[in-house]
Structure formats: structure tokens, C-alpha cells
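Engineer: The numbering used here puts the first residue of the sequence shown at 243, with every later residue one more than the last.
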Amino acid sequence: MKKVLAFLSLCLFISLVSFTTPNNKKLVVIDAGHGGHDQGTTYTKWNEKDIVAQISKKIFEKNDPSTVKIVLLRDTDNFISLTDRVNKINELNPDLVISLHINANAKTDTSGIEAYVSENNSHHEASKEQARKLIEAIANDKLQSRGVKQANFTILKKSNCPAISLELGFISNENDRKYITSEEGQNEIATNIIKSIQ
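(1) Just verifying my parser: in three-state terms, what is the DSSP assignment at GLN428?
(2) Starting from LEU408, follow the alpha helix (DSSP H) in both directions and report where the run begins and ends.
(3) With ASN289 and GLN296 assumed to form a contact (beta carbons below 8 angstroms), what rounded beta-carbon distance in angstroms separates them?
(4) Classify LEU376: buried if its beta carbon has 16 or more other beta carbons within 10 angstroms, exposed otherwise.
(5) Looking only at its own chain, which residues have a Cβ that is under 7 angstroms from the Cβ of GLY278, when we skip the five neighbours before and after it?
(6) Quick one: what does DSSP say GLU361 is sitting in, helix, strand or coil?
(7) Quick one: Cα of ILE312 to Cα of THR286, how far?
(8) If ALA357 sits next to ILE406, beta carbons under 8 angstroms apart, how far is it from one beta carbon to the other, in whole angstroms?
(9) Could you tell me the alpha carbon to alpha carbon distance between LYS299 and GLY354, rounded to whole angstroms?
(10) Skipping 5 residues on each side, what residues in its chain have a beta carbon closer than 8 angstroms to that of THR309?
(11) Please say whether PRO404 and HIS365 have beta carbons closer to each other than 7 angstroms?
(12) Could you check the C-alpha separation between ASP306 and GLU378 for me, to the nearest Å?
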């Protein structure tokens, strides 16, 4: 009888462990900004919505799903409202959301990559730390760092997780534009984003 009880106790323990063991795989949402009729910032034939979509797809393709699961919020050229984006993010309940954008400035010598986080997000410190890692991973001699800044963008303040808006250079700057629209530049950016979130 004791052996039977011991066996049943062991079975119960194993079943409890199997149902309570956490999934250690990270879930990261990549939000390619704009889409559809909303082109974002533009310069001649280039527009923001296409550049960030190209980079987001490269992130998804290059990622090793065994350690980090990537979900693309927009994987086609469709318009998604900010409210719908936030609702989808919070429904997915990710460990991190990165919203990809391209900058522009009337001064064409303004260049570089910068990240934004919100003090109104309850995960502000985690957002700031991850933003710092992203900037350090991506910045190089072709894309200088402009650091981490504060902003109250909708996705940053309303996402229930660490949230970052990443401005991947200035479309108005010739050097930035060449880098962020090139196959090599986009591959490097995607690879370095993956490295920083693993």
C-alpha cells in the first residue's frame, strides 16, 4: 500500500511540474510603423512604411525561434490604427515591443539612430535598459547613436510591457538613407536587433 501511495504521489508531483514549468522562450513583437495609405516620412522614391516593413521581415527570417519568438504586428502593406496596434500587443502579452520608424529633418546633415521610451509606461526602466542595448548593438560608423529619449507616443505609454520606438536613421540624410535602404544595411540592422533581444 505504501508503495502504491508513493507511486501516486510521484505521478502527482510530475504532473504538477509539467503544468507549472514556465516557458522560457521570449516573445517579442516587432511593429513596422505606418502602412497602407499612411506612408510615413518620404524622400523621392523611398518611404518609411516600406523600409521598416523590409527590416521587420528580415528580423523575422533571421531569428532563431528556439530562443525568441518574433511576432510581426504588420506583415503586409496594411494600415493598422494605433488603438488596434496597442490592443493586439496587449492581447499577445509580449516580453517586449519594438516599434520601427524612420526619421526625417529639414536639416539634411542631421543623422543617426535614436530610441524613445515613455515614463508613463509601468515598465519604464526595463524599456530604457533594452533601448540602450538596442542602440549600442545597432550604432556603427555608418549609423551614429543619438541615444535614448523620452516620448509619450501611444504605443509606448499604453503597451503593458517594455516598449521602445526605434528611429532607424534619417531618410533626409544621404548617408543614413543609403545605409537603411541597402540590403547590407538592412541585414546588419536586423541581425543586431536580434542579438540585442536574445
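Glycine included, every Cβ here is placed at the ideal spot set by N, Cα and C.
Structural biologist: Looking at the coordinates:
(1) In this structure, DSSP gives GLN428 a helical state, which the three-state scheme calls helix.
(2) No alpha helix (DSSP H) contains LEU408, which is instead part of the beta strand (DSSP E) from 405 to 412.
(3) Actually they are not in contact, since the Cβ atoms of ASN289 and GLN296 sit about 11 angstroms apart, beyond 8 angstroms.
(4) buried
(5) ASP319, ASN320 and PHE321
(6) coil
(7) 31 angstroms
(8) Yes, ALA357 and ILE406 are in contact; Cβ-Cβ is about 5 angstroms, under 8 angstroms.
(9) So the alpha carbons of these two residues sit roughly 22 angstroms apart.
(10) LYS267, LYS268 and GLN440
(11) yes
(12) 21 angstroms
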